[in-house]
């Protein structure tokens, strides 16, 4: 069924794909280990391990701030991908959250301009 909540789910998957460089259909995700579970499990202890290596390197300037920003985006993506449509955030909240993430990021980077 096509719905706004379905669009939110798809947006969450797109964010996960963008920031991990993986797809839900990758061979890594078999059995109990699906794409969302893999990202969600890593958010608390090893977020750097699930990020696309082309996005961020440990030697990058402001690594910790950038990693925190990406972690926030991945957390938002997971909330967009809730199994139950009723549990998913709405797009207005997604946009507001992305703006907050951007504001925090720019506030913490010296000399950044919004």
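In our numbering, the protein residues as written are 1 to 114.
Positions of the beta carbon are idealized from the N, C-alpha and C atoms, including for glycine.
Query                                                                                                                                                       : Result
Grab me the residues of residue 108's own chain with a C-beta within less than 7 Å of its C-beta, minus the 5 sequence neighbours each way, in chain order. : 65
Rounded to whole angstroms, what is the Cα-Cα separation between residue 69 and residue 31?                                                                 : 30 Å
According to DSSP, simplified to helix, strand and coil, what is residue 3?                                                                                 : coil
Nearest to residue 13 by CA position, among 62, 74 and 61, is which residue?                                                                                : 74
Taking the straight line between their C-alpha atoms, what separation do you get for residue 8 and residue 96?                                              : 14 Å
Roughly how many whole angstroms lie between the Cα atoms of residue 82 and residue 37?                                                                     : 11 Å
Let's test the definition: count the other Cβ atoms within 10 Å of the Cβ of residue 50 and tell me whether it reaches 16, buried, or not, exposed.         : buried
Secondary structure at residue 113, three-state DSSP: helix, strand or coil?                                                                                : coil
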